[in-house]
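**Student:** Just passing along the structure, written as C-alpha cells.
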Amino acid sequence: MMTGGKPNTVSDHNTFVSRLRTLALPIGVFTVCALLLCWNLDSRYLWQDEAATALLGERMLTSGRPLGYDGKNLVTMDLYRPEDVSRLPTGNPEDAIRYFAGLHEFKQDTTWTAHPWGPFALAGLSLAVLGKNTLAARLPFALAGALLAALLFSMVRKYFRSLLPAFIATAVLTGNTFWFLHMRQCRYYALSGLFLLITFYCYLRWQEGRRWGTSAFVIAAWAWFHQDFGSLWPVLAIFVLDSLVLNWKDRKHLVTTVLVFAAIGISIAPFVFYYEMVYSRLGVTSAGWLGRLWTFLFQTNQFLIPLVMIPVALFFLWKERVEEGEGGRRLVILSIGIICAFIPWMSRMVSVPFFRYVVPLTPLCAVVSTYAITAMGRSVSRAWPAPWPAIPVTTAMAVILVVTNVFSLPGIPAIPRRYHMPLYTSAIIRPELNAYRDNLRGYGPDPNRAIVDYLKGRLSPEDEVVCNYEDIPLMFYLRNPIRGGIGCFRLTDTTTTAPKYAVLRMSALGITHRAIYGRALLQHTWMPHSLGVPDVTWGNNPDPISQYTLMPISGPPLYVYERIAP
1 MMTGGKPNTV
11 SDHNTFVSRL
21 RTLALPIGVF
31 TVCALLLCWN
41 LDSRYLWQDE
51 AATALLGERM
61 LTSGRPLGYD
71 GKNLVTMDLY
81 RPEDVSRLPT
91 GNPEDAIRYF
101 AGLHEFKQDT
111 TWTAHPWGPF
121 ALAGLSLAVL
131 GKNTLAARLP
141 FALAGALLAA
151 LLFSMVRKYF
161 RSLLPAFIAT
171 AVLTGNTFWF
181 LHMRQCRYYA
191 LSGLFLLITF
201 YCYLRWQEGR
211 RWGTSAFVIA
221 AWAWFHQDFG
231 SLWPVLAIFV
241 LDSLVLNWKD
251 RKHLVTTVLV
261 FAAIGISIAP
271 FVFYYEMVYS
281 RLGVTSAGWL
291 GRLWTFLFQT
301 NQFLIPLVMI
311 PVALFFLWKE
321 RVEEGEGGRR
331 LVILSIGIIC
341 AFIPWMSRMV
351 SVPFFRYVVP
361 LTPLCAVVST
371 YAITAMGRSV
381 SRAWPAPWPA
391 IPVTTAMAVI
401 LVVTNVFSLP
411 GIPAIPRRYH
421 MPLYTSAIIR
431 PELNAYRDNL
441 RGYGPDPNRA
451 IVDYLKGRLS
461 PEDEVVCNYE
471 DIPLMFYLRN
481 PIRGGIGCFR
491 LTDTTTTAPK
501 YAVLRMSALG
511 ITHRAIYGRA
521 LLQHTWMPHS
531 LGVPDVTWGN
541 NPDPISQYTL
551 MPISGPPLYV
561 YERIAP
C-alpha cells in the first residue's frame, strides 16, 4: 500500500514485529534444547556405530566418497553370521574387500552403499571445521535434535492453535530418555527424525495449497531418503493413502497426487540402484518377524507412547470434532497412521529390533500423547463438580507421562512376557531417567576411552592392534592399523609384523567369531594389563539394552594384551 507516494512503513514494521514474535518461542526452544543436548556431549568416547559414521565422513571429505577401506583399515557392517566362520577371508586385505563387496556392504572400490551419505557428509564437514575430536563428531547431530524440537513446537502450536499443547509436546519429547540419548549420537538418528518432521510439515503445506508446498514436499522427501533410506517408505505410503482418500472426488488433485509421488519416486530411483537396496544385508535375525514386532510394541509402549493413548486419542477425535480444528485433527490422525504402519514395516526390514529403528517416531508419538492428555484434561476439568482450569490438570498428566510408567501399565499385559524388559517395568518412576541424568553428568563405563588412553602413549605409528569388537573407535582415535572386528579383517595376515597389542572383549564373544580369534591369538604369547574398567559389550550405545549404569555389572575387568613372544 502506498500513501503520498511513500511505502507504508508502519505496516511493514508491524509485519516484521509479528514475525519476530512468531519466531521468538521456537528460537527459545531451540536454544534451551541445544544447551541440554550439548551438555557434556564429549564426556564419553564414540562407540562402534558412531565411530563408523565419523570415520566414513572423514574419508568422504578427503576422497569425495565414503570409502570402507583407506589402504589401512576396513569398515564393515558388523553383521555377525555364524556360517561365515568357514569362509571369512582373514589374511589378504584384497580378499576381504572382495568378500564384503560381494555382500553389498560397499562397491568393489569400497565406496560405501550400506547407508546413505547424508550423515557422513555432515560429520565430515564438522570434523573438517572443528577438528578431529568427539565433540565435533557429535555436535551437528545434537543441533539437529534441537532443531527437531523447535519444529515440533511450531507445528503443534500452529495446528493445535494453542501454546499449552506446544509446550507439552516439546516437554514430552525432550523428557524422553532414549530420544535424548539418540540425539546425542554421531549417527543418522537425529537427521531421520528431523527430516520425517520436515517432510510431514511440507506434506501438510501441500495439502493446504500453500505456496511452494508441492516442491518443498518433494525436496524434503528426497533429502530424507539421503539421511535414512529405510524409514520413509511407510510414511510415504500413509501420505499417498491420505491424499487419495480425502480428495478422491477431485480429479485434478488425484492427478497432482500421482505426479507428486511419481516425482519423488523418479528422483530417488537412481539412488535405490546405486545403494544396491535390492540386496539383503541382514545378519543373524532375532526371534522371527512376529518376535521383532512384539519387541517393538513393548518398546513403543514403554519408551515412545503408551499404547492406551492411541484409542484414547481416537475416541476424542470422534467426540471432539472441532476442539483442535481440522489441521490439528489431521496432524493427529496422520501421526497415528504413521505409527501403526511404521512399526510392522520395521519389524519386517531389520534383523534385530533395536530401539534406534523406531526412534524417529518419537516426535509423532509426542503429538498423539499431547492430544490425548490435553483432551483428557479438558474432559476432567469439565466433569469436576467445581470446574477446574484445564491447564493444571493437563500439566499434571504430562508430568505423569514423562516421569512415571503409569500410562504404560495397561499395555504391558497385552505383550507376551518373554518380550518384556523387567529393568524398565519394575518401578513406577521411570528407571531410565537415571540414565538421562548420568549421561548429562558424563557418568558411566567408558571402555573405549580407557583403551585409547592406554594405547595412545605406547604405540608407534607402524604398530598394529587386534580387537574383536569396538574396533572402529580405535581406527578413529589412534590411526594405527587395526585388525579384527566382527569381519576378522587381516586377523591371520603374516605379511607384516604381528600385532603388538590385542583387545579381546569377553562380553562380545557371542557376536564375534571366537574360534577364529582363538586360533589367531594362540600363535603368540600375551601379557594381560587390566584397565580397571568393566568389560562391557558396548561403549556409549544409546539403546535400552546397554544402559550399564542401571544394571549390575559382573565379571572380570577389561584387559589389553601385550604380545611378548614370538
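Counted the way the UniProt record's numbering counts, the sequence shown spans residues 1 to 566. For glycine and all other residues, C-beta sits at the position ideal for the given N, C-alpha and C.
(1) Go ahead and label residue 500 buried or exposed: buried means 16 or more other beta carbons lie within 10 angstroms of its beta carbon, across all protein chains shown.
(2) Return yes when the Cβ of residue 487 is within less than 8 Å of the Cβ of residue 582, no when it is not.
(3) Is it true that the region 142-156 meets the region 184-194, where meeting means three or more beta-carbon pairs spaced less than 8 Å apart?
(4) Let's see if you can read the secondary structure: which residues bound the alpha helix (DSSP H) around residue 94?
(5) So does the region 288-307 actually touch the region 407-423, counting three or more Cβ pairs closer than 8 Å?
(6) Report back the beta-carbon spacing between residue 508 and residue 541 to the nearest angstrom; my notes put them in contact at under 8 Å.
(7) Name the two residues that bound the continuous beta strand (DSSP E) containing residue 530.
(8) In whole angstroms, what separates the C-alpha of residue 513 from that of residue 480?
(9) Taking all protein chains shown into account, decide if residue 279 is buried (16 or more other Cβ within 10 angstroms of its Cβ) or exposed.
(10) Tell me the rounded alpha-carbon separation between residue 303 and residue 566.
(11) If distances are taken between C-alpha atoms only, which option among 219, 448 and 328 comes closest to residue 199?
(12) Express the C-alpha separation of residue 442 and residue 554 in angstroms, rounding to a whole number.
(13) So who's on the other strand from residue 394, going by DSSP bridges?
(14) Report yes or no: is there a C-beta of chain B within less than 8 Å of the C-beta of residue 268?
(15) Go ahead and pull the three-state DSSP assignment for residue 562.
(16) Tell me whether the beta-carbon of residue 339 lies closer than 8 Å to the beta-carbon of residue 314.
(17) Using a threshold of 8 Å, state whether the C-beta atoms of residue 403 and residue 382 are closer than that.
(18) Measuring only the C-alpha atoms, how far is residue 352 from residue 22?
(19) Keeping to the same chain, check which residues put their C-beta closer than 6 Å to that of residue 438; ignore five residues upstream and five downstream.
(20) Is it the case that the Cβ atoms of residue 390 and residue 378 are separated by a distance below 8 Å?
(21) Under 8 Å by Cβ, that's how I've got residue 394 and residue 168 pegged, so tell me the actual separation to the nearest angstrom.
(22) Among 30, 254, 447 and 214, which has the Cα closest to the Cα of residue 149?
(23) Taking buried to mean at least 16 other C-beta atoms within 10 Å of its own C-beta, is residue 356 buried or exposed?
(24) Measure the C-alpha to C-alpha separation of residue 556 and residue 67 and round it to an integer number of angstroms.
(25) Going by beta-carbon coordinates alone, are residue 478 and residue 452 separated by less than 8 Å?
(26) Measure the alpha-carbon distance for residue 420 versus residue 411 and round it to whole angstroms.
(27) Between the beta-carbon of residue 464 and the beta-carbon of residue 492, is there less than 8 Å?
(28) Return the residue from the list 474, 520, 521 and 172 that minimises the CA-CA distance to residue 399.
(29) Just grab the DSSP bridge partners of residue 111 for me.
(30) Just the Cα atoms here: how many angstroms apart are residue 436 and residue 177?
(31) Comparing C-alpha positions only, which one of 511, 224 and 106 sits nearest to residue 274?
(32) Can you give me the start and stop residues for the beta strand (DSSP E) that residue 484 sits inside?
(33) For the region 422-462, list the alpha helix (DSSP H) runs that are entirely contained and at least 4 residues long, ordered along the chain.
(34) I'd like the span of the alpha helix (DSSP H) that includes residue 129, first residue to last.
(35) Inspect the beta-carbon positions of residue 226 and residue 118 and report whether they are closer than 8 Å.
(36) Can you tell me whether residue 363 is buried or exposed? The criterion is at least 16 other CB atoms within 10 Å of its CB, across all chains shown.
**Tutor:** This is what the structure gives:
(1) Reading the sequence shown from its first residue, position 500 is the one you call residue 500. With 16 or more Cβ atoms within 10 Å of its Cβ, residue 500 is classed as buried.
(2) The question about residue 582 has no answer here: the residues shown for the chain are numbered 1 through 566.
(3) The region 142-156 is in contact with the region 184-194.
(4) Counting from 1 along the sequence shown, the entry for residue 94 is found at position 94. Note, residue 94: alpha helix (DSSP H), 93-102.
(5) Output reads yes: the region 407-423 touches the region 288-307.
(6) Taking the sequence shown and counting its residues from 1, the one referred to as residue 508 is at position 508. Taking the sequence shown and counting its residues from 1, the one referred to as residue 541 is at position 541. With 8 Å as the limit, residue 508 and residue 541 do not qualify as a contact, their Cβ atoms being about 12 Å apart.
(7) The sequence position of residue 530 within the sequence shown is 530, counting from 1. Run containing residue 530: 525-534, per the beta strand (DSSP E) assignment.
(8) Within the sequence shown, numbered from 1, the residue matching residue 513 stands at position 513. Within the sequence shown, numbered from 1, the residue matching residue 480 stands at position 480. Answer to the nearest angstrom: the Cα atoms are 23 Å apart.
(9) To locate residue 279, count along the sequence shown from 1; it is residue 279. By the 10 Å Cβ count, residue 279 comes out exposed.
(10) Within the sequence shown, the letter at position 303 stands for residue 303. Within the sequence shown, the letter at position 566 stands for residue 566. Near 52 Å, if we compare the C-alpha coordinates of residue 566 and residue 303.
(11) If you number the sequence shown from 1, residue 199 lands on position 199. The option with the nearest alpha carbon to residue 199 is 219.
(12) Along the sequence shown, read from residue 1 onward, the residue named residue 554 stands at position 554. Along the sequence shown, read from residue 1 onward, the residue named residue 442 stands at position 442. Residue 554 and residue 442: Cα-Cα distance of roughly 21 Å.
(13) Translated into positions along the sequence shown, residue 394 becomes position 394. DSSP, once it has assigned bridges, lists no residue as partnering residue 394.
(14) Checking the listed chains, one finds no chain B in this structure; it contains a single protein chain.
(15) As a position in the sequence shown, residue 562 is number 562, starting the count at 1. It is a strand residue.
(16) The count along the sequence shown starts at 1 and reaches residue 339 at position 339. The count along the sequence shown starts at 1 and reaches residue 314 at position 314. Contact flag unset, no.
(17) In the sequence shown, the residue the question calls residue 403 occupies position 403. In the sequence shown, the residue the question calls residue 382 occupies position 382. No, they are not a contact pair.
(18) By 1-based counting over the sequence shown, the position of residue 352 is 352. By 1-based counting over the sequence shown, the position of residue 22 is 22. About 43 Å.
(19) Within the sequence shown, residue 438 is the residue found at index 438, counting from 1. Hits under 6 Å: 444 and 549.
(20) The count along the sequence shown starts at 1 and reaches residue 390 at position 390. The count along the sequence shown starts at 1 and reaches residue 378 at position 378. A contact, by the Cβ cut-off of 8 Å.
(21) For the purposes of this step, residue 394 is identified with residue 394 of the sequence shown, where counting begins at 1. For the purposes of this step, residue 168 is identified with residue 168 of the sequence shown, where counting begins at 1. Indeed, because the Cβ distance is near 7 Å, the residues count as touching under 8 Å.
(22) Residue numbering aside, residue 149 sits at position 149 when the sequence shown is read from its first letter. Minimum Cα distance to residue 149 is reached at 30.
(23) Your numbering for residue 356 matches position 356 in the sequence shown. Residue 356 is buried by the Cβ-count criterion.
(24) Position 556 of the sequence shown, counting from 1, holds the residue named residue 556. Position 67 of the sequence shown, counting from 1, holds the residue named residue 67. Roughly 36 Å separates the two Cα atoms.
(25) Position 478 of the sequence shown, counted from the start, is the residue given in the question as residue 478. Position 452 of the sequence shown, counted from the start, is the residue given in the question as residue 452. Yes, Cβ-Cβ distance for residue 478 and residue 452 is below 8 Å.
(26) Position 420 of the sequence shown, counted from the start, is the residue given in the question as residue 420. Position 411 of the sequence shown, counted from the start, is the residue given in the question as residue 411. Straight-line Cα distance between these residues: approximately 11 Å.
(27) Here the question's residue 464 lines up with position 464 in the sequence shown. Here the question's residue 492 lines up with position 492 in the sequence shown. No, Cβ-Cβ distance for residue 464 and residue 492 is not below 8 Å.
(28) As a working mapping, residue 399 is identified with position 399 in the sequence shown. Ranking the options by Cα distance to residue 399, first place goes to 172.
(29) Taking the first residue of the sequence shown as position 1, residue 111 is located at position 111. Partner(s): 67.
(30) Your numbering for residue 436 matches position 436 in the sequence shown. Your numbering for residue 177 matches position 177 in the sequence shown. Cα to Cα, the separation comes out at about 5 Å.
(31) Sequence index remark: in the sequence shown, residue 274 carries index 274 (1-based). Residue 274 has its Cα closest to that of 106, out of 511, 224 and 106.
(32) Locating residue 484 in the sequence shown gives position 484, where the first residue counts as 1. Looking at the DSSP string, the run of the beta strand (DSSP E) that includes residue 484 is 482-484.
(33) 422-425, 432-441 and 447-456
(34) Here residue 129 refers to the residue found at position 129 when the sequence shown is read from its first residue. Run containing residue 129: 118-130, per the alpha helix (DSSP H) assignment.
(35) Position 226 of the sequence shown, counting from 1, holds the residue named residue 226. Position 118 of the sequence shown, counting from 1, holds the residue named residue 118. Yes, they are a contact pair.
(36) Here residue 363 refers to the residue found at position 363 when the sequence shown is read from its first residue. Buried is the call here.
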